[in-house]
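Participant: Please see the structure below; I have some questions.
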Amino acid sequence: PGGVGNMVLVARNTSSDLRHMGSFLSSGAVLSLALARRAIWEAFHSESQWRLANFHLDGEKNHNPYAIFASMKADELQRLSVTGMGKRFFGEVLNWDLAALSCLDLSYCFFENGGVETVVGLLQRTGLRELILRRNFVSESDLEKIETTSAGLERLQIEEAKRSEALGGLTKILARAEKFRELHLRGDFVLSDEVLAALAAQKGLQCLRIQNNALLEDTTLKKLSDGLVKTTSKLSVLDLSAFSAAGNMGRLTDESGAAIGKLLTAGVPLRELHLKGQQLTFLGLVACFGSPGKQSSLRIADFSGNNLGVHEASGTSLASCLLERLHVGGGSDELGAQDLLEVADGFDDEARSPLSRLAWLSPLLPSLISLDAS
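Residue numbers 243 to 616, in this note's numbering, belong to the letters of the sequence shown in order.
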């Protein structure tokens, strides 16, 4: 009683709710909660306005954003997330004095007829570092408009569904944003040679996530790998996962594993690799770790949902590394694949027992913290 969890509980309720809680708590606990409520009120409420760092506005449920923002100190807001807001509310929300805003997260908002111009205006007025756009029907021309005020961006996330969209505007954003460090693309975006070259040229890029892209294939990844090696990239996180609800797999094969291994062998400091739902075999997994003669920088690797099988494991050796977390298993039965721990007929034979199938992991055991082979 009186701890942080209770204080948060009181902050979300009115004083009348304390009476209902009193029947379940001792009188001392209720007194502690009441004092905590007053402290929270004074900390988060000043001069009849709320002082908040993070705020989420649901445009489908709140039809009076002007009244909401009038009741808070908008100039202290650091992170604003908005869902389902049409053009009617764009000006009312984004034209407020959001001087301290560093992250803007827009989901299911429509950019048609002036929406993107309002976002550009916000970029001009604030030190916005993170821009997250989820299913807003963003077009290439929208990205080109955002580019003009994107110099301070450090993180950009774009998610679109069931659309093949070009990213010409993205190349200009990458060229202008001097502090850019993280890009997250989710959807069927066209990764042209110009986009791949821009990604490789962005030396500050530390995290690259290209998820659920049905257009991503081995040739594309090899071009990206060659570019990153040539520019001595500092990339530490690479996420190429494909986790379709329909059960469809990605298109990356062992050739992509070799391209990723080339990155590590060349000295790119990759620490996290996510290839969930692709089509790598066990040989592709081994290739991802790089040359056996050089220690790999990988610490976290996710190969779940691939076609790893077990019959290729004998006689193969992983590159030396200090891997801490490894996810394998979950292959596709439809494609005739076997999981690493799948028990076949005659599993009593020592050579076919599940544990013997993990013998290739022995070099990783000194550092391995977590193994998920379910």
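Quick reminder that beta carbons are idealized off the backbone N, C-alpha and C, glycines included.
What three-state label does DSSP hand Asp-339 in the structure shown?
Facilitator: DSSP places Asp-339 in coil when its eight states are reduced to three.
Participant: Let me check you understand the geometry: is the CB of His-569 closer than 7 Å to at least one non-hydrogen atom of the ligand NAD?
Facilitator: For the structure depicted, the ligand NAD is absent and the ligand set is empty, with no information on it obtainable.
Participant: Hey, quick one: how far does the beta strand (DSSP E) through Phe-431 stretch, first residue to last?
Facilitator: First-last of the beta strand (DSSP E) with Phe-431: 424-431.
Participant: So Thr-495 and Asp-460 are supposed to be a Cβ contact under 8 Å. How far apart are they, rounded?
Facilitator: So it is a contact: roughly 6 Å between Cβ atoms.
Participant: With which residues is Arg-451 paired in a DSSP beta bridge?
Facilitator: The partner list for Arg-451 (beta bridge, DSSP) reads His-426 and Asp-481.
Participant: Taking all protein chains shown into account, do 16 or more other C-beta atoms lie within 10 angstroms of the C-beta of Thr-462, making it buried, or fewer, making it exposed?
Facilitator: That one is buried.
Participant: Using DSSP's beta-bridge definition, name the partner residues of Ile-502.
Facilitator: Ile-502 is not bridged to any residue.
Participant: If you check the beta carbons only, do Gly-301 and Gly-326 fall under 8 Å apart?
Facilitator: Yes, they are a contact pair.
Participant: What would DSSP say about Val-272, mapped onto helix, strand or coil?
Facilitator: Note that Val-272 scores a pLDDT of 48, beneath 50, so its modelled location is shaky; the value from the coordinates is reported in the next line. Helix.
Participant: Pick helix, strand or coil for Leu-515, following the three-state DSSP scheme.
Facilitator: Here Leu-515 sits in strand by DSSP.
Participant: Please confirm whether Leu-299 and Leu-343 have their CB atoms less than 8 Å apart.
Facilitator: Result no, Cβ atoms of Leu-299 and Leu-343 do not sit closer than 8 Å.
Participant: Could you check how far apart the C-beta atoms of Thr-391 and Leu-365 are, in whole angstroms? I think they sit under 8 Å.
Facilitator: Indeed, because the Cβ distance is near 4 Å, the residues count as touching under 8 Å.
Participant: If you reduce the DSSP assignment to three classes, tell me which class Ser-334 lands in.
Facilitator: For the sequence presented, residue 334 should be read as Glu rather than Ser. Correct three-state label for Glu-334: helix.
Participant: Rank Glu-424, Gln-291, Ser-539 and Gly-526 by C-alpha distance to the C-alpha of Thr-507 and give the top, closest one.
Facilitator: Checked all of Glu-424, Gln-291, Ser-539 and Gly-526; the closest Cα to Thr-507 is Ser-539.
Participant: Flag this pair as yes or no: are the beta carbons of Glu-436 and Thr-413 separated by less than 8 Å?
Facilitator: Yes, they are a contact pair.
Participant: Between Gly-519, Val-510, Gly-551 and Gly-547, which has its C-alpha nearest Phe-531's C-alpha?
Facilitator: Closest by alpha carbon: Val-510.
Participant: With a threshold of 16 other CB atoms inside 10 Å of the CB of Gln-320, please say whether the residue is buried or exposed.
Facilitator: It counts as exposed.
Participant: Can you tell me which of the three DSSP states Leu-620 falls into?
Facilitator: Because the chain here runs from 243 to 616, residue 620 falls outside it and cannot be looked at.
Participant: For Leu-416, report the span of its alpha helix (DSSP H) as first-last.
Facilitator: Start and end: 410-418.
Participant: Taking Ser-290 as the reference, which of Phe-297, Lys-303, Ala-309 and Arg-418 has the closest Cα?
Facilitator: Cα-wise, what sits closest to Ser-290 is Ala-309.
Participant: Please report how far the alpha carbon of Arg-541 lies from the alpha carbon of Leu-416, in whole angstroms.
Facilitator: Cα to Cα, Arg-541 sits roughly 27 Å from Leu-416.
Participant: Could you check where the alpha helix (DSSP H) with Phe-524 kicks off and where it finishes?
Facilitator: Here the alpha helix (DSSP H) through Phe-524 covers 524-530.
Participant: Could you check if Glu-620 is buried or exposed, using at least 16 other CB atoms within 10 Å of its CB as the buried criterion?
Facilitator: The chain is shown from 243 up to 616; residue 620 falls before or after that span and cannot be answered.
Participant: In the DSSP assignment, the alpha helix (DSSP H) including Arg-371 goes from what residue to what residue?
Facilitator: Counting along the chain, Arg-371 falls outside any alpha helix (DSSP H), and DSSP gives it neither H nor E.
Participant: Quick check: the Cα distance between Ala-615 and Leu-425, rounded to an integer number of angstroms?
Facilitator: Their Cα atoms are separated by approximately 29 Å.
Participant: Hey, would you say Ala-484 sits closer than 8 Å to Gly-519, going by beta carbons?
Facilitator: In contact: Ala-484 and Gly-519 (Cβ atoms closer than 8 Å).
Participant: From which residue to which residue does the beta strand (DSSP E) around Ala-543 run?
Facilitator: Here the beta strand (DSSP E) through Ala-543 covers 542-544.
Participant: Have a look at Gly-328 and Cys-351 and give me their C-alpha separation to the nearest angstrom.
Facilitator: Spanning the two alpha carbons is a distance of roughly 6 Å.
Participant: Find out if the Cβ-Cβ distance for the pair Asp-339, Ala-312 is shorter than 8 Å.
Facilitator: No; because the gap between Cβ atoms is not below 8 Å, this pair is not in contact.
Participant: List the residues that DSSP assigns as beta-bridge partners of Ile-401.
Facilitator: Ile is not the amino acid found at residue 401; the sequence shown has Glu there. Per DSSP, Arg-376 and Arg-428.
Participant: Answer with buried or exposed for Arg-397, where buried requires no fewer than 16 other C-beta atoms within 10 angstroms of its C-beta.
Facilitator: Its Cβ being crowded by 16 or more others within 10 Å, Arg-397 is buried.
Participant: Hey, Ser-467 and Cys-449: beta-carbon distance below 8 Å or not?
Facilitator: No, the pair does not count as a contact, with Cβ atoms beyond the cut-off.
Participant: Determine whether the beta carbon atoms of Phe-297 and Leu-322 lie at a separation below 8 Å.
Facilitator: It is a contact, given that the beta carbons lie within the stated cut-off.
Participant: Measure from the alpha carbon of Gln-621 to the alpha carbon of each residue in Gly-571, Leu-512 and Lys-476, then state which is nearest.
Facilitator: The question about residue 621 has no answer, for the chain in this structure spans 243 to 616.
Participant: Sorted by chain position, which residues of the same chain lie with C-beta nearer than 6 Å to Lys-387's C-beta, five sequence neighbours on each side aside?
Facilitator: Excluding residues within five positions, the ones whose Cβ falls inside 6 Å are Val-358 and Val-362.
Participant: I need the straight-line Cα distance from Ala-439 to Ile-611, nearest angstrom please.
Facilitator: Going by the C-alpha atoms only, they are around 36 Å apart.
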